[in-house]
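Chains A and B, in that order, are what the protein sequence lines are.
Quick note on the numbering used here: the first sequence kicks off at 73 and runs consecutively.
Quick note on the numbering used here: the second sequence kicks off at 24 and runs consecutively.
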Amino acid sequence: MTRQVVLWLWALSAALLVGCEVVSVVSARRFAGARKVLDLLSATTGRLLVVFLGWMWLGWHFFAR
Amino acid sequence: MSCPVGAPGPAVLQAGTIDHPRRVIALWAAGLVALAAYGYLVSTTSPFTWVADVAVAAGFVVVGAVGVRTLENRRTGHDRRRGQEPGALVLWVVSLGLLVGWELVTYFAGLSGHRNAWPTISSLTDIAFRYPAAKGAAVAMWIALGLGLVSR
């Protein structure tokens with residue numbers, strides 16, 4: 073029972089992210105799209121380094137360890 | 024009106040504009056093939072082995088090299104940073120906040136041996152990655168995300 077609820081909430085979380093992009097397109101980019109979020113995350117050298125480290129961790133965690 | 028001697032005529036200019044998209048398409052095709060090959064390669068490795076470590080580290084090197092080039096471009100003034108009003112990002116902040124919050128809830132709830140009832144993202148991907156195609160696709164998306172992040 074718990075597992076089913078948890079899985080549904082994971083699906084909802086994923087749908088929310090997709091929904092953000094859909095809202096961005098429908099609102100004629102009044103709300104930021106994924107591209108703008110990536111721009112913001114990598115806007116400065118410091119942010120770029122932090123994001124790069126986070127990206128490395130993701131790959132290491134999911135595919136190597 | 025006559026063209027100066029040695030100046031490119033209309034045919035040459037036209038050929039140049041046609042050739043450029045072809046080159047872009049060829050580069051994209053080569054990149055996609057390389058991405059698919061890399062995804063396949065990593066999907067054949069098992070976690071906690073030196074082969075997996077080296078394969079993933081190879082991705083670090085490639086994306087890191089692109090990142091270094093981006094930083095050099097920024098230093099030489101080819102940077103194209105764009106601003107965004109904070110209000111426009113509210114949906115992403117809320118959605119990502121909920122995602123991270125839910126990950127923390129499931130992680131701590133499953134610590135006392137109830138991981139099956141409280142699956143985290145990692146435990147779900149462990150199941151999905153038993154299928155090499157799913158793992159290969161995830162690797163390709165991971166590399167594409169990295170390139171997207173460091174090449175702006």
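Where a beta carbon is used, it is the ideal one built from N, C-alpha and C, also for glycine.
Remember, predicted model here, so these are calculated numbers, not experimental data.
- Chain-order list of chain B residues neighbouring L130 of chain A: W165, by C-beta distance under 7 Å.
- For the region 108-125 of chain B, residues whose beta-carbon sits nearer than 7 Å to a beta-carbon of chain A comprise A111, L112, L114, W115, S118, L121, L122, W125.
- With its beta carbon at least 8 Å from every one in chain A, V84 of chain B lies outside the interface.
- Around the C-beta of L172 of chain B, 16 or more other C-beta atoms lie within 10 Å, and the residue is accordingly described as buried.
- Counting along the chain, A163 of chain B sits inside the alpha helix (DSSP H) bounded by residues 155-173.
- Contact between V109 of chain A and L112 of chain B holds: their C-beta atoms lie close to 7 Å from each other, under 8 Å.
- Under the Cβ criterion of 8 Å, V98 of chain A is not counted among the residues facing chain B.
- Listed along the chain, the chain A residues whose CB falls inside 9 Å of the CB of L168 of chain B are L110, W127, L130.
- Of all residues in the region 54-65 of chain B, only V65 come within less than 8 Å of chain A when Cβ atoms are compared, listed by chain position.
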